[in-house]
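Colleague:
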Amino acid sequence: MKPAVRIMVVDDEKIVRESLSIWLQKFGYEAVPVEGGQEALDLLNREEWNILLVDLKMPRIDGIEVLRKALEVKPGIPVIIFTAYATVETAVEAMRVGAYDYLIKPIDPDMLTLKVQKIVEKQNLEDENIMLREKIDAIYQFDEIVGNSKSVQEVLKMVGSVAASDATVLITGESGTGKELIARAIHSNSERRYKPFVAVSIGALPDTMVESELFGHEKGSFTGASHTHMGRFELADGGTLFLDEVGDMSPKVQVDLLRVLEEKACYRLGGNRKIHTDVRVISATNKDLKKNIKEGTFREDLYYRLNVVGIHLPPLRKRGDDVLLLAEYFLKKFCMKMNRKKEGFSPKVIEMFSRYKWPGNIRELENAIERAVVVGKGSLVQLRDMPFGGDQESPEEKAAISLREAEKKHILQVLDKTGWNVTRSAHLLEIDRATLYNKIKNYGLSRPQD
Amino acid sequence: MPPCEPPSKLCIVSLGDTPDDAEERVCSAIQSSFELNCEILSPEPRPEFALDASRDQYNSLEILDWLESRFPQPDQWILGITNADLAIPVLTFVFGEARLGGRSAVISAFRLHEEFHGRPADTMVLLSRVEKEAIHEVGHMLGLTHCLDRNCVMYPSNSLAQTDVKSTRFCPGCRSSLPPWCLAEPTGPN
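Chain order of the listed sequences is L and A. Quick note: the first sequence uses the working numbering, first residue 1, plus one each step. Quick note: the second sequence uses the working numbering, first residue 1001, plus one each step.
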């Protein structure tokens, strides 16, 4: 149960302090009448109070002095001064010293109710805010990053040390290795954690939209720009901007991004106003950017801007026993989510975990376990519950002659089946849209003309 | 804190002039809301002893003290009704006053009259307001504090609009906080 709001009513006139306390008690507040300024300050030193209502004219220590000393002891405590002898000078003095308000006796009960309620609501919101922040802190530790392997422990160590700085971070690793999770962990453990974390997958956006998405646009700046749109840099102000698939940026966007990183400001498309942004950039790619630099498709100066600190995420196949740890983590997560009971994995499944190469990495494992929880019967996950069924030979091994060809064929089949709906196809293929766009581009796939 | 023991009765007493039928309506409203025996006592004079001549208002806390000494039986509760304008020294006015968890309360019809606000008299509206204020103050005697539910009779009234918007009923939260012995099945209009 929440403790009662404590209000001190300080007045040298007994009838005033007592009647006001009684009146406030009917609101459920713990209102305490206090005879004079010194008593009030003693009580303030000893106990916790939410609000002070203090009469201006009192012998020995007057209301202004109580206010001044109260704010020294408890900075920010709301003090309402009331008086029957109001003058402009005393009102100005009270507000200058830091009174929350200055009221003239007799006080309109509705006005006093509103003032007190407003303070209480604000204090409740502040308490709630502190509580939520503590919750967020508790949630966003590294709990979601599961793994005991040396490589993952090194990554976690790096996340911990890089979080404290504002340096740009480039996270590299194959698709599905958890790059965004690492970016979120860095953000959540940084000073920026209460500000936005904005993620944008550049690979999922057509070239024509990247600039507008990143920097925003003004109304009428191009056909269809019916209203002003804030860019991701603006939205992330004060926080972290996560740029995924940076290896897919066009040369024009690379130049613009470099300028923004250098100037810490951007212009909306069609706009003349310089918009200053305080953003920490974390980027990610599954491409070999050094190779791209050699090939001339990625700017070297941008690479060094983005890669002040580099973090490489190992593929799942190189994480040894982490596969089982992760599988158990996902099993628990999905069982809880779907209200199912599974005790673990059959020995055959455990054996398969280490043998299978997991080309889709953690995302593939997560999807496989989700499927197993949905379709599986019995207390243990069996091989038949896994996406590759009872087939102990992994799909990769089966199609070893030309995996690339098999993948291309399969993607094309799925795209045809969904009428080239990329979102649905990505869902069926259990990969994200950005990856599917990349694969369409890499395999040179195109929609058949009717 | 709700009182432990139920009173033998709740006495209603007019203090000077009051709106016509006010005592009867209050008695009936209280008996509809609570399992309390109500009795209307002989009228008492207007409480001049509590008059603050500088404000032409009557100190409500002094009236409570007087009611408790005038009717000292500890098992009897007392609710005064008056047309005098009530206030406590620090506030411009109060519609009513009660001892929280105590045995005395007083309500004023002075500011509940439509005429006070420059509108034509309306007896039905006036009596409905008097009923709400009476049930509200008895709620305080039973230990209830103010409620945030605008429809609940324990919603604080610092203006007529607030009195008019609330009902004569308790919200479920306030109802559950009442001592079980005083609960009556709610009847009558809101």
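Glycine included, every Cβ here is placed at the ideal spot set by N, Cα and C. These figures come from a predicted structure and were not determined experimentally.
Taking the alpha carbon of L/GLU211 as the point to measure from, which residue in L/TYR267, L/LEU181, L/SER188, L/GLY224 has its own alpha carbon closest?
Modeller: Indexing the first sequence from 1 puts residue 211 of chain L at position 211. Ranking L/TYR267, L/LEU181, L/SER188, L/GLY224 by Cα distance to L/GLU211 puts L/TYR267 first.
Colleague: May I ask you to verify whether the region 169 to 179 of chain L touches the region 197 to 214 of chain L, counting CB pairs closer than 8 Å and requiring at least 3?
Modeller: With a cut-off of 8 Å, the region 197 to 214 of chain L and the region 169 to 179 of chain L do not count as touching, because too few Cβ pairs lie within range.
Colleague: Which chain A residues sit within Cβ distance under 9 Å of L/LEU20?
Modeller: Taking the first residue of the first sequence as 1, we reach residue 20 of chain L at position 20. Chain A residues near L/LEU20: ILE1088, PRO1089, VAL1090, LEU1091.
Colleague: What are the residues of the region 1144 to 1172 of chain A that lie near chain L, defined by any Cβ-Cβ distance shorter than 7 Å?
Modeller: So the close ones are THR1145, HIS1146, PRO1156, ASN1158, SER1159.
Colleague: Does A/LEU1079 come within less than 9 Å of chain L when only Cβ atoms are used?
Modeller: Counted from its first residue, the second sequence places residue 1079 of chain A at position 79. So, not an interface residue.
Colleague: Relative to chain A, which residues along the region 292 to 312 of chain L have a C-beta separation below 9 Å, given in chain order?
Modeller: Those would be none; no residue qualifies.
Colleague: From which residue to which residue does the alpha helix (DSSP H) around A/THR1088 run?
Modeller: Taking the first residue of the second sequence as 1, we reach residue 1088 of chain A at position 88. It should be noted that the sequence gives Ile, not Thr, for residue 1088 of chain A. It is not in any alpha helix (DSSP H) - A/ILE1088 carries neither H nor E in the DSSP assignment.
Colleague: Ordered along the chain, which non-local residues of its own chain (more than five positions away) have a Cβ less than 8 Å from that of L/ARG299?
Modeller: What you label residue 299 of chain L is simply residue 299 of the first sequence in a count that begins at 1. For L/ARG299, where only same-chain residues beyond five positions count, the Cβ hits under 8 Å are PRO251, GLN254, VAL255, LEU258, ILE293.
Colleague: Going by the CB atoms, is the gap between A/CYS1152 and A/SER1167 shorter than 9 Å?
Modeller: For the purposes of this step, residue 1167 of chain A is taken as the residue at position 167 of the second sequence. For the purposes of this step, residue 1152 of chain A is taken as the residue at position 152 of the second sequence. Against a cut-off of 9 Å, the Cβ pair of A/CYS1152 and A/SER1167 comes out as a contact.
Colleague: Quick one: does A/HIS1140 have its CB under 9 Å from some CB of chain L?
Modeller: Start at 1 with the first residue of the second sequence, and residue 1140 of chain A comes out as number 140. By this cut-off, A/HIS1140 is an interface position.
Colleague: Could you check the C-alpha separation between L/LEU67 and L/GLY36 for me, to the nearest Å?
Modeller: Taking the first residue of the first sequence as position 1, residue 67 of chain L is located at position 67. Taking the first residue of the first sequence as position 1, residue 36 of chain L is located at position 36. Roughly 12 Å between the two C-alpha positions.
Colleague: Can you give me the C-alpha to C-alpha distance between A/GLY1102 and A/ASN1037, rounded to a whole angstrom?
Modeller: In the second sequence, counting from the first residue as 1, residue 1102 of chain A sits at position 102. In the second sequence, counting from the first residue as 1, residue 1037 of chain A sits at position 37. If you take the alpha carbons of A/GLY1102 and A/ASN1037, they lie about 17 Å apart.
Colleague: Count the other CB atoms, across all protein chains shown, that sit within 10 Å of the CB of A/ALA1161; report buried if there are 16 or more and exposed otherwise.
Modeller: Along the second sequence, read from residue 1 onward, the residue named residue 1161 of chain A stands at position 161. The residue is exposed, with fewer than 16 neighbouring Cβ atoms inside 10 Å.
Colleague: Span of the alpha helix (DSSP H) holding L/ASP416?
Modeller: Taking the first residue of the first sequence as position 1, residue 416 of chain L is located at position 416. L/ASP416 -> alpha helix (DSSP H) spans 403 to 417.
Colleague: Could you give the uninterrupted runs of the beta strand (DSSP E) lying entirely in the region 1095 to 1168 of chain A, keeping only those of 3 residues or more?
Modeller: Whole beta strand (DSSP E) segments, 3+ residues: 1096 to 1098, 1104 to 1108.
Colleague: At what residues does the alpha helix (DSSP H) containing A/ALA1029 begin and finish?
Modeller: Looking up residue 1029 of chain A in the second sequence gives position 29. Per DSSP, A/ALA1029 belongs to the alpha helix (DSSP H) from 1022 to 1033.
Colleague: Quick one: is L/GLY296 buried, meaning 16 or more other Cβ sit within 10 Å of its Cβ, or exposed?
Modeller: Start at 1 with the first residue of the first sequence, and residue 296 of chain L comes out as number 296. Burial call: exposed.
Colleague: Starting from L/THR83 and walking both ways along the beta strand (DSSP E), at which residues does that stretch end?
Modeller: For this step, residue 83 of chain L is matched to residue 83 along the first sequence. Counting along the chain, the beta strand (DSSP E) containing L/THR83 begins and ends at 79 to 83.
Colleague: State yes or no: is the beta carbon of L/LYS105 nearer than 9 Å to at least one beta carbon in chain A?
Modeller: Reading the first sequence from its first residue, position 105 is the one you call residue 105 of chain L. Judged by the 9 Å Cβ criterion, L/LYS105 is in contact with chain A.
Colleague: In chain order, what residues of the region 106 to 126 of chain L put their CB closer than 8 Å to some CB of chain A?
Modeller: Under the 8 Å Cβ criterion, the region 106 to 126 of chain L contributes PRO106, ILE107, ASP108, PRO109, ASP110, LEU112, THR113.
Colleague: Does the beta carbon of L/GLU35 come closer than 9 Å to any beta carbon on chain A?
Modeller: If you number the first sequence from 1, residue 35 of chain L lands on position 35. Cβ-Cβ to chain A under 9 Å: no for L/GLU35.
Colleague: In chain order, what residues of the same chain have a beta carbon less than 7 Å from the beta carbon of L/LEU289, not counting five sequence neighbours either side?
Modeller: Here residue 289 of chain L refers to the residue found at position 289 when the first sequence is read from its first residue. Only GLY247, PHE298, TYR303 meet the Cβ criterion.
Colleague: Of all the options L/LEU132, L/VAL92, L/LYS74, L/PHE27, which has the alpha carbon lying nearest to the alpha carbon of L/ARG193?
Modeller: Here residue 193 of chain L corresponds to residue number 193 of the first sequence, with the count starting at 1. Considering only alpha carbons, the answer is L/LEU132.
Colleague: To the nearest angstrom, how far is it from the Cα of L/ILE15 to the Cα of L/ALA236?
Modeller: On the first sequence, residue 15 of chain L is found 15 positions in, with the first residue counted as 1. On the first sequence, residue 236 of chain L is found 236 positions in, with the first residue counted as 1. Whole-angstrom Cα-Cα distance: 56 Å.
Colleague: Secondary structure at A/ARG1046, three-state DSSP: helix, strand or coil?
Modeller: Numbered from its first residue, the second sequence carries residue 1046 of chain A at position 46. Of the three classes helix, strand and coil, the one that applies to A/ARG1046 here is coil, per DSSP.
Colleague: Would you mind reading off the limits of the beta strand (DSSP E) that contains A/ASN1059?
Modeller: Position 59 of the second sequence, counting from 1, holds the residue named residue 1059 of chain A. That run of the beta strand (DSSP E) goes 1057 to 1059.
Colleague: Under 8 Å: do the region 370 to 383 of chain L and the region 175 to 194 of chain L share three or more Cβ pairs, one atom per stretch?
Modeller: As far as the Cβ criterion goes, the region 370 to 383 of chain L does not touch the region 175 to 194 of chain L, which means the pair count is below three.
Colleague: Counting only Cβ pairs nearer than 7 Å, list the residues of chain A close to L/ILE15.
Modeller: Here residue 15 of chain L corresponds to residue number 15 of the first sequence, with the count starting at 1. The answer, in chain order, is PRO1089.
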